Amino acid sequence: MFMAIPLKMFSDAAQAAEQVARELSDLIRSKPNAVLGLATGGTPLLLYRELIRMHREEGLSFAQVRTFNLDEYEGLAKDHVESYWHFMHQNLFHHIDIAAENIHLPSGTMPADEVEAHCQAYEDAIRAAGGIDYQILGIGRNGHIGFNEPGSTATSRTRRIELCSVTRGDAASAFGSIEQVPSHAITMGCGTILEAKCIALLAFGEHKAEIVKQALHGPVSDQVTASFLQQHGNTTFFLDAAAAGESQLWPKYSRNPQQNHGISRPLCAAHQGNFSKRHHSLAKFFSAEFFQIGNGNGTIQGKLSWACATQCA
Ligand code: F6R
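Going by my numbering, the first residue of the sequence shown is number 8, and it counts up by one from there.
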């Protein structure tokens, strides 16, 4: 069944990250032992920086928070500079008051005959924690969430997976060459992710625009596993203007506000990146609800509306 995914577009990635961080801090303040699903990669870096700032300057405590990461490369020990364990500690955990025993990542170094049991134990641990309250996702250029590469089913669970060439190519510069990128990883499954109570997918930059469009408006398909989020019911996409692919998503929308009859003024201002003080806070919260009426070419049909502030707190 098709469901429109609410979309929040921001003038830049920093503003999107601030909004998601605010939702997470509201959640943590109302539920100090909240369970967070976390992602690695370039996309969540600004979000993690903002959470660290909130910890230092606003007293946000992670003392009881529990975290489960999406994935880990096979064959990389925790102290490998490209391991996701290392990434998470460098970019978040070392800078906040989270308890070591509350941090969970799949291990990339289990003996082959223990991997299946390890994945099952990861699933059990998520369930025992009460499930994931708020899941952070990025999106790969092939539409993957976690490392659920094309072909992963909507019901897949935590498991070992072979990484496809697009994914390994994107990681090649970090590893030095594509040959040095691990060929396999352990990833939460799509089914595991879809059980999260609330999901925020972040995507920034023009290079994400095409795949974001497919995830939002394309058919629900195992060839773009992010499209499964259309079936989730409490997922929001947080995009900068480039990832929203203005030319694709806003085709009837003129840059001249005078010509945008029927579209609210703050939205016009937000779209132009021309925030007046009055419009600034409103612009942070606008969302577009898309109703796909069969033409499939990305044209918006339906209504634009204001989003409510926090969906998960
Ligand atoms: C990372 C993960 C991946 C990334 C995706 C986007 O834990 O699961 O799905 O979110 O590959 O990566 P970046 O953010 O580097 O573009």
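Just so it is clear, CB atoms sit at the ideal spot from N, CA and C, and this is done for glycine as well.
Model, not experiment: these values are computed from the prediction.
Neighbourhood of residue i by C-beta, 6 Å cutoff - its chain only, sequence neighbours within 5 removed
i    : result
L54  : A24, V27 and A28
S234 : A222, G225, V227 and S228
A210 : I146, V219, L246 and A250
T116 : A84
Y80  : G115, P189 and A192
V122 : R167
A20  : L53, F211 and D247
G303 : Because the pLDDT at G303 is just 31, under 50, the model does not fix this residue reliably, and the value given afterwards should be weighed accordingly. Correct list: empty, nothing qualifies.
H62  : I103
G252 : A216 and K220
A161 : C197 and F235
I133 : F75
C315 : Because C315 carries a pLDDT of 23, less than 50, the predicted location of this residue cannot be relied on, and the following value inherits that uncertainty. Result list for C315: empty, nothing under 6 Å.
Reference residue i; option with closest CA among the options
i    : options                   : result
G147 : R134, L170 and T165       : L170
S114 : A181, H191 and S180       : H191
E241 : I206, V231, Q230 and H214 : The sequence as given places Asn at residue 241; Glu does not occur at that position. With distances taken between Cα atoms, N241 lies closest to I206.
L201 : D86, T165 and L236        : L236
L31  : F154, A203 and Y141       : Y141
L58  : L14, I105 and H93         : I105
I139 : T232, E65 and A203        : A203
Q38  : M195, R175 and G137       : With the sequence shown as reference, residue 38 is identified as Lys, and Gln is not the correct amino acid for it. The option with the nearest alpha carbon to K38 is G137.
T50  : N155, D78, Q238 and K215  : K215
G198 : A119, A179 and E130       : E130
C126 : Y91, N76 and R164         : R164
L45  : R60, E213, T174 and H96   : H96
L112 : A119, A128 and T174       : A128
A1   : G82, A135, T174 and I143  : Look at the range of the chain in this structure, 8 to 320, and you will see that residue 1 is not part of it.
V42  : A135, A124 and S90        : A135
A178 : R60, I143 and E89         : E89
I143 : L208, S159 and Q22        : L208
Helix, strand or coil at residue i according to DSSP, with G and I counted as helix
i    : result
A210 : strand
S228 : strand
A192 : strand
L112 : coil
T74  : strand
L99  : coil
D104 : coil
F61  : It should be pointed out that residue 61 corresponds to Met in this sequence rather than to Phe. If DSSP states are grouped into helix, strand and coil, M61 belongs with the helices.
T162 : coil
E30  : helix
L43  : strand
K15  : strand
R36  : helix
F154 : coil
D140 : coil
E81  : coil
D120 : helix
F69  : coil
T50  : coil
L236 : helix
7 Å CB neighbourhood of residue i in its chain, flanking five on each side removed
i    : result
F100 : I110
R36  : none
H87  : H93
G153 : L77, D78, T194, M195 and I200
N98  : L52 and Y55
G176 : I185
R285 : Its pLDDT being 30, under 50, R285 is placed unreliably by the model, and the measurement read from it follows with that caveat. Nothing listed; no residue qualifies.
A181 : E89
Proximal residues to residue i (C-beta, below 8 Å), its chain only, five neighbours per side dropped
i    : result
N40  : Q71, V72 and R73
P157 : N149, G150, H151, C171, D229, Q230, V231 and T232
G48  : G145
V173 : G147, R148 and N149
E213 : A249, A250 and G252
CB contact below 8 Å: residue i versus chain C
i    : result
F100 : Here there is only one protein chain, and chain C is not present.
**Request:** Evaluate contact between the stretch 67-75 and the stretch 185-193, counting only Cβ atoms and requiring at least three cross-stretch pairs below 8 Å.
**Result:** no
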